[in-house]
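K.L.:
Dumping the structure here so I can ask a few things about it.
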Amino acid sequence: ETAASIKTHMPRGPFQIPFGSFISRDVDGLVAAEKNLSMSRLVSGAFRLQPVSMLTGQAAGTIAALAAAADIPPGKLDPRLVQRHLLEAGSALSLCEYNDVPREHPFWPGVQMSNLYGWITPEELPSAPSAKIDDIYNNRLVTARLFGLDKGTFGVDTPLTGNESENLFRRAFPEPGDPVPFLTPGAGSTAFVTRRDFCSALAHILGFRAGQKQYASRYADIPSGSGFFAQVHFLAEKGVLDRVARGGIFLPESFVTKGSAADMMMRAVTAMKGE
């Protein structure tokens, strides 16, 4: 930050710390925390505050635990796996909040992850002005909060269109070897995507192969003779459907919502590929 940028942008609220700041460049297995993080002298004044120290400590502990569990160097971890664990523990990683996705919403972690990677475009972004850095009682900001303008609208219960689905899949699986162009459900269409089509694409991208495994039935509305039976149970075993399919009913022909799509995608990108 400079004096000019502070005057122009009037920053407020929390900020994000990159995954690489925790990882030693030269020593495998060493994870930095608190004031040992990789930072410039300019930003150290913000990093050293106790709320930041506590949250970075949680992140460092999560990185260390996941690396130890997987028996790999911390730098080899997928940052999205670390982010998912932090989000599910209640740590906010995105600065954007929505009226229709409060902290207690089951899809809050997935929506946060969508914010971080631009998976799904929200219906409306927050429009509250920034506070003056020397005036916490700024009238414009207070008025905006009274009218709910400090929070946007994600559209958590809005059905996902084919165009939105294509964008989501391409951004979540950007690697050249991922067969997204051939599997994206509803690509190029404004029609809504069904849960069946969405999950079928997810299963194949994660490495599903027909006939490799027998599954016990979980969902009363998906018979064992259905071609979708093995695919949906493949995803269920990986935990991809933990928040979207409860009570023994899957509703395969209903539309997938933006919130459920974000949640499933968060779980899919942090799941292991293959059987």
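For reference, each letter of the sequence shown is one residue, going 1066 to 1340 in the numbering used here.
Backbone N, C-alpha and C fix where the C-beta goes; we use that ideal spot for every residue, glycine too.
Here the structure is a predicted model, which is why all the values come from computation and not from measurement.
(1) Just to confirm my understanding: we take GLN1279, look at its own chain, exclude 5 residues before and 5 after, and list those with CB closer than 6 Å. What are they?
(2) Using a Cβ-Cβ cut-off of 7 Å (strictly less than) and excluding sequence neighbours within five positions of SER1289, which residues of its own chain qualify?
(3) Look at the alpha carbon of ALA1295 and the alpha carbon of ALA1125, and state the distance between them as a whole number of angstroms.
(4) Comparing alpha-carbon positions, which option in ALA1135, THR1223, ALA1327, GLY1313 lies nearest VAL1343?
(5) In three-state terms, what does DSSP make of PRO1116?
(6) Suppose you measure from the CA of GLN1177 to the CA of SER1265; what does that come to, to the nearest Å?
(7) For VAL1096, does the three-state DSSP call read helix, strand or coil?
(8) Less than 8 Å between the CB atoms is what I'm expecting for GLY1220 and PRO1174, so what's the real figure, rounded?
(9) By DSSP, does GLY1217 sit in helix, in strand, or in coil?
(10) Just verifying my parser: in three-state terms, what is the DSSP assignment at PRO1224?
(11) Starting from the C-beta of SER1319, find all residues in its chain whose C-beta is less than 8 Å away, skip the five residues before and the five after it, and write them out in chain order.
(12) For LEU1181, which option in MET1337, ALA1336, MET1330 has the closest C-alpha, if you only look at C-alpha atoms?
(13) Measure the alpha-carbon distance for ASN1101 versus ASP1262 and round it to whole angstroms.
(14) Using the Cα positions of GLU1153 and ILE1128, report the straight-line distance between them to the nearest angstrom.
(15) Quick one: what does DSSP say THR1335 is sitting in, helix, strand or coil?
(16) Give me, in chain order, the residues of the same chain whose beta-carbon lies closer than 6 Å to that of PRO1139; leave out the 5 immediate sequence neighbours on both sides.
(17) Is SER1109 buried or exposed, if buried means 16 or more other CB atoms sit within 10 Å of its CB?
(18) Express the C-alpha separation of HIS1298 and SER1103 in angstroms, rounding to a whole number.
(19) Quick check on this structure: which residue in THR1322, ARG1106, GLN1123, GLN1081 has the alpha carbon closest to the alpha carbon of THR1223?
(20) Quick one: residues in its chain with C-beta nearer than 6 Å to the C-beta of MET1337, no 5 flanking neighbours on either side, listed in chain order?
(21) Could you check if GLU1229 is buried or exposed, using at least 16 other CB atoms within 10 Å of its CB as the buried criterion?
(22) GLN1148 to MET1119, Cα distance in whole Å?
(23) Go through its chain and collect everything with a Cβ distance to VAL1166's Cβ below 6 Å, but skip five positions before and after it.
(24) For SER1341, is the classification buried or exposed, using 16 other Cβ atoms within 10 angstroms of its Cβ as the cut-off for buried?
(25) Rounded to whole angstroms, what's the CA-CA distance from GLU1231 to ARG1308? Just pull it up for me.
(26) Do you know how far the Cα of GLY1292 is from the Cα of TYR1284?
P.N.:
Let's see:
(1) The residue given as residue 1279 occupies position 214 in the sequence shown. Excluding positions up to five away in sequence, the list is empty.
(2) Taking the sequence shown and counting its residues from 1, the one referred to as residue 1289 is at position 224. For SER1289, where only same-chain residues beyond five positions count, the Cβ hits under 7 Å are SER1282.
(3) The sequence position of residue 1295 within the sequence shown is 230, counting from 1. The sequence position of residue 1125 within the sequence shown is 60, counting from 1. Using only the alpha carbons, I get a separation of about 38 Å.
(4) Residue 1343 lies beyond the range of the chain shown here (1066 to 1340); nothing can be said about it.
(5) As a first step, residue 1116 is located in the sequence shown; it is residue number 51 there, counting from the start. Helix.
(6) Along the sequence shown, one-based indexing puts residue 1177 at 112. Along the sequence shown, one-based indexing puts residue 1265 at 200. Their backbone Cα atoms lie some 24 Å apart in a straight line.
(7) Along the sequence shown, read from residue 1 onward, the residue named residue 1096 stands at position 31. Three-state result, VAL1096: strand.
(8) Taking the first residue of the sequence shown as 1, we reach residue 1220 at position 155. Taking the first residue of the sequence shown as 1, we reach residue 1174 at position 109. Wrong, their Cβ atoms sit about 17 Å apart, outside the cutoff.
(9) Within the sequence shown, numbered from 1, the residue matching residue 1217 stands at position 152. In this structure, GLY1217 counts as strand in the three-state DSSP scheme.
(10) The sequence position of residue 1224 within the sequence shown is 159, counting from 1. Residue state, collapsed to three classes: strand.
(11) What you label residue 1319 is simply residue 254 of the sequence shown in a count that begins at 1. For SER1319, where only same-chain residues beyond five positions count, the Cβ hits under 8 Å are THR1259, ARG1260.
(12) Here residue 1181 is taken as the residue at index 116 of the sequence shown, counted from 1. Checking every option, the nearest Cα to that of LEU1181 belongs to MET1330.
(13) Translated into positions along the sequence shown, residue 1101 becomes position 36. Translated into positions along the sequence shown, residue 1262 becomes position 197. So the two alpha carbons sit approximately 47 Å from each other.
(14) As a working note, residue 1153 is residue 88 in the sequence shown. As a working note, residue 1128 is residue 63 in the sequence shown. Each residue's alpha carbon lies about 14 Å from the other.
(15) Taking the first residue of the sequence shown as position 1, residue 1335 is located at position 270. Note: THR1335 maps to coil in three-state DSSP.
(16) Residue numbering aside, residue 1139 sits at position 74 when the sequence shown is read from its first letter. The answer, listed in chain order, is ILE1088, VAL1096, ILE1128, ALA1132.
(17) Position 44 of the sequence shown, counting from 1, holds the residue named residue 1109. Result: exposed.
(18) Position 38 of the sequence shown, counted from the first residue, corresponds to residue 1103. Position 233 of the sequence shown, counted from the first residue, corresponds to residue 1298. Each residue's Cα considered, the two are about 43 Å apart.
(19) One-based indexing of the sequence shown puts residue 1223 at position 158. Per the Cα distances, THR1322.
(20) As a first step, residue 1337 is located in the sequence shown; it is residue number 272 there, counting from the start. Contacts found: none.
(21) One-based indexing of the sequence shown puts residue 1229 at position 164. Per the 10 Å Cβ criterion, buried.
(22) For the purposes of this step, residue 1148 is taken as residue 83 along the sequence shown, with counting starting at 1. For the purposes of this step, residue 1119 is taken as residue 54 along the sequence shown, with counting starting at 1. Taking the straight line joining both Cα atoms gives about 16 Å.
(23) Locating residue 1166 in the sequence shown gives position 101, counting from the first residue. Only TRP1173, VAL1176, PHE1219, VAL1221 meet the Cβ criterion.
(24) Summary: the structure shown does not reach residue 1341, with the chain confined to residues 1066 through 1340, and so no result is reported for it.
(25) Translated into the one-based positions of the sequence shown, residue 1231 becomes position 166. Translated into the one-based positions of the sequence shown, residue 1308 becomes position 243. Computed Cα separation, rounded: 22 Å.
(26) Mapped onto the sequence shown, residue 1284 falls at position 219. Mapped onto the sequence shown, residue 1292 falls at position 227. Each residue's alpha carbon lies about 14 Å from the other.
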